[in-house]
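Taken in sequence, the protein lines are chains A and B. Note that the working numbering gives residue 69 to position 60 of the first sequence, counting from 1, and the numbers run on in steps of one. Note that the working numbering gives residue 129 to position 120 of the second sequence, counting from 1, and the numbers run on in steps of one. Notes for the one structure printed next.
Protein chains: 2
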Amino acid sequence: MIQKVEKTKKKAVVLLSGGVDSATVLAMAGRMGFDLCALSFRYGQRHDIELSAAAGVVRNYPGIHHLVMDIDLRPIGGSALTADLAVPKHHSTDEMGTDIPVTYVPARNTIFLSYALAWAEVVGAFDIFIGVNALDYSGYPDCRPEYIEAYERMANLATKASVGGGHKIKIHTPLIDMSKAQIILKGIGLGVDYSLTHSCYDPGPEGLACGQCDSCLLRLKGFHEAGVKDPIKYKDKG
Amino acid sequence: MIQKVEKTKKKAVVLLSGGVDSATVLAMAGRMGFDLCALSFRYGQRHDIELSAAAGVVRNYPGIHHLVMDIDLRPIGGSALTADLAVPKHHSTDEMGTDIPVTYVPARNTIFLSYALAWAEVVGAFDIFIGVNALDYSGYPDCRPEYIEAYERMANLATKASVGGGHKIKIHTPLIDMSKAQIILKGIGLGVDYSLTHSCYDPGPEGLACGQCDSCLLRLKGFHEAGVKDPIKYKDKG
Numbered sequence: 010m011i012q013k014v015e016k017t018k019k020k021a022v023v024l025l026s027g028g029v030d031s032a033t034v035l036a037m038a039g040r041m042g043f044d045l046c047a048l049s050f051r052y053g054q055r056h057d058i059e060l061s062a063a064a065g066v067v068r069n070y071p072g073i074h075h076l077v078m079d080i081d082l083r084p085i086g087g088s089a090l091t092a093d094l095a096v097p098k099h100h101s102t103d104e105m106g107t108d109i110p111v112t113y114v115p116a117r118n119t120i121f122l123s124y125a126l127a128w129a130e131v132v133g134a135f136d137i138f139i140g141v142n143a144l145d146y147s148g149y150p151d152c153r154p155e156y157i158e159a160y161e162r163m164a165n166l167a168t169k170a171s172v173g174g175g176h177k178i179k180i181h182t183p184l185i186d187m188s189k190a191q192i193i194l195k196g197i198g199l200g201v202d203y204s205l206t207h208s209c210y211d212p213g214p215e216g217l218a219c220g221q222c223d224s225c226l227l228r229l230k231g232f233h234e235a236g237v238k239d240p241i242k243y244k245d246k247g
Numbered sequence: 010m011i012q013k014v015e016k017t018k019k020k021a022v023v024l025l026s027g028g029v030d031s032a033t034v035l036a037m038a039g040r041m042g043f044d045l046c047a048l049s050f051r052y053g054q055r056h057d058i059e060l061s062a063a064a065g066v067v068r069n070y071p072g073i074h075h076l077v078m079d080i081d082l083r084p085i086g087g088s089a090l091t092a093d094l095a096v097p098k099h100h101s102t103d104e105m106g107t108d109i110p111v112t113y114v115p116a117r118n119t120i121f122l123s124y125a126l127a128w129a130e131v132v133g134a135f136d137i138f139i140g141v142n143a144l145d146y147s148g149y150p151d152c153r154p155e156y157i158e159a160y161e162r163m164a165n166l167a168t169k170a171s172v173g174g175g176h177k178i179k180i181h182t183p184l185i186d187m188s189k190a191q192i193i194l195k196g197i198g199l200g201v202d203y204s205l206t207h208s209c210y211d212p213g214p215e216g217l218a219c220g221q222c223d224s225c226l227l228r229l230k231g232f233h234e235a236g237v238k239d240p241i242k243y244k245d246k247g
């Protein structure tokens, strides 16, 4: 008699904002066979559409765990996404002359990855996925490969697993060298429904994307270069 | 005529829990001449006495900035300090056989330091102080020097400052090689009022320290070895 052994799948924590990149990363992690744990944040962003998008995206993954953490970053300030600053309608530089726009949220990826690390430790995951991109990105320091490598090294000294030896924590950045068009084509191949995603930094009252902020411009350029129609609606378009 | 130049002091972000260690670190950073920005967390710990202690400690520093961030870690769970697990009344090991007690909060220092990094970036600080200790500590992985070094390296790739070059972020751990007794003697020399601090993981209804948890035991041992009377009250003592 052959005994059936239910093979337990390895878990992965996937940071999910509800945008094009993280929705694609989630699909990639799913295709790799991981048991998915999606992590989103209510961090004081000016609108909740991001979280509705994330909730829509996860609905396509039966059995997925989705955790939304409440972490209000507004008391720290320093960003147009969490403070009362205008979101620029063009690619902007900051007052220091670096090419980092005011939509940069100080240490955001560091904070998000730290929660992912904590949750990974609790659920027994050693794989963390983040949709950072060093090519078609907004110039944020915490999207660079050298940053991710340093984070992974730190993570492997931060947790119980690192004391017990054995498993190594891996920070997966499958999009890091891909163009936005490549990401979109990859996602379409994996069945990602981009009509559920949301990218705009400054959506209108009905949640329509502005089509003019950095994030909308990157998204539109990506769909254009991929030769695919962007399925979401824009304020001044159809 | 000599023109008066008001020298702007360098700012430092100091993680402040309200315990012996962080109260001492705050005094050390102040003595080093930093303009102090103290950062505390309401992270879902089972009692608010920690935060009252932190508020008491900062009152001795006129002009200090004190920020309390609300970051509920309970949805992540995994610790006796944030979940509904009993706090052991002895030094305990965990189910993995590592020497890490159930009071360990997954990735807590990583999360706390990430907020410190974000706030430092916003206020223009390049110095972050944390009262970790590798000697008289509870066996937490994120208190080890190699962890702190890796964190500092990551932090210097994570922020705007790292892109603009120039200033380097420094994670200061002035207590890392000190015994609890040495810390207490150092603090007394700097005028720290330890009657305002709080260490107990499991205080009684009136906020009295239990005198039996890991943290109380370390504190009591420290005062005993320093030859100083612990000025706080304990449940079963005077």
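Glycine included, each C-beta is placed from N, C-alpha and C at the ideal position.
- Test item: CB-CB of Val132 of chain A and Cys209 of chain A under 9 Å: no
- Range covered by the beta strand (DSSP E) that runs through His75 of chain A: His74 to Asp79
- N- and C-terminal bounds of the alpha helix (DSSP H) containing Ile197 of chain B: Lys189 to Gly198
- Query: Does any residue of chain B bring its CB to less than 9 Å from the CB of Asp79 of chain A?
  - Reply: yes
- Does Val114 of chain B get closer than 9 Å to chain A when you measure Cβ to Cβ? yes
- State the CB to CB distance for the pair Val262 of chain B and Val34 of chain B, rounded to an integer number of angstroms; the pair is presumed to be in contact (CB under 8 Å). The requested residue 262 of chain B is not part of the displayed model; chain B covers only 10 to 247.
- With 9 Å set as the bound, which would you pick, yes or no: does the beta-carbon of Leu24 of chain B sit closer than that to a beta-carbon of chain A? no
- Assign Asp239 of chain B to buried or exposed, taking buried as 16 or more other Cβ atoms, counted over all protein chains shown, within 10 Å of its Cβ. buried
- Query: Is the CB-CB distance between Asp186 of chain B and Ala143 of chain B below 9 Å?
  - Reply: yes
- Top-ranked residue by Cα proximity to Asp211 of chain B, from B:Ile58, B:Glu130 and B:Thr168: B:Ile58
- Beta-carbon neighbours of Asp151 of chain A, restricted to chain B and to distances below 9 Å: Leu166, Ala167 and Thr168
- Task: Have a look at Arg228 of chain B and Cys222 of chain B and give me their C-alpha separation to the nearest angstrom.
- Result: 10 Å
- Step through the CB atoms of chain B and report whether any lies within less than 9 Å of the CB of Ser49 of chain A. no
- Query: Which of helix, strand or coil does DSSP assign to Asp186 of chain A?
  - Reply: coil
- Determine the chain A residues that contact Glu155 of chain B at a beta-carbon separation under 7 Å, and present them in chain order. Leu166
- Selection from B:Leu82, B:Ala190 and B:Met163 that minimises the alpha carbon distance to Ile180 of chain B: B:Met163
- Using the rule of at least 16 other Cβ atoms within 10 Å of the residue's Cβ for burial, across every protein chain shown, is Pro150 of chain A buried or exposed? buried
- Task: Note down, in chain order, each residue of its chain lying with its Cβ closer than 7 Å to the Cβ of Lys177 of chain B, except the 5 sequence neighbours on either side.
- Result: Phe135 and Asn165
- Item | Sub-9 Å separation of Leu199 of chain B and Ala36 of chain B beta-carbons | yes
- Note down the Cα distance separating Thr168 of chain A from Tyr156 of chain B, rounded to an integer number of angstroms. 9 Å
- From B:Cys219, B:Arg68 and B:Leu194, pick the residue whose C-alpha is nearest to that of Gly27 of chain B; which is it? B:Arg68
- With a CB to CB cut of under 6 Å and the five nearest residues on each side skipped, what residues in its chain are close to Asp44 of chain B? Lys18 and Lys20
- Kindly list the residues whose CB is nearer than 7 Å to the CB of Tyr243 of chain A, restricted to its own chain and excluding five residues on each side of it in sequence; keep chain order. Leu217, Ala218 and Gly220
- Task: Scan the region 17-42 of chain B and note each continuous alpha helix (DSSP H) run of 4 residues or more that stays entirely inside, going in chain order.
- Result: 29-40
- Message: Looking at chain B, is there any beta carbon in it that lies within less than 9 Å of the beta carbon of Ser101 of chain A?
- Response: Confidence at Ser101 of chain A is low in this model, with a pLDDT of 44, below 50, so the placement of that residue should be treated as unreliable; the coordinate-derived value is given next. No, its Cβ sits nowhere closer than 9 Å to a Cβ of chain B.
- Task: Whole angstroms is fine: what's the gap from Ile137 of chain B's alpha carbon to Asp81 of chain A's?
- Result: 21 Å
- Within 9 Å, strictly: CB atoms of Ile85 of chain A and Asn118 of chain A: no
- Message: Does chain A have any CB closer than 9 Å to the CB of Asn142 of chain B?
- Response: no
- As assigned by DSSP and simplified to three states, the class of Phe50 of chain B: strand
- Given His75 of chain A as reference, the closest of A:Leu60, A:Arg83 and A:Ala116 once Cα atoms are compared: A:Leu60
- Message: Let me confirm a value: Pro154 of chain A is counted as buried when at least 16 other C-beta atoms fall within 10 Å, else exposed. Which label applies?
- Response: exposed
- So is Thr182 of chain A in contact with chain B if we call contact Cβ pairs under 9 Å? no
- Item | Bridge partners - Tyr243 of chain A, DSSP secondary structure assignment | A:Ala218
- Item | For Trp128 of chain A, the nearest candidate out of B:Glu130, B:Pro115 and B:Ala125 (CA to CA) | B:Pro115
- Could you name the residues of the same chain whose beta carbon sits closer than 6 Å to that of Leu126 of chain B, not counting the 5 residues immediately before and after it, in chain order? Ala164
- Residue nearest to Glu234 of chain A in terms of C-alpha spacing, selected from A:Glu215, A:Ser224, A:Ser188 and A:Cys225: A:Ser188
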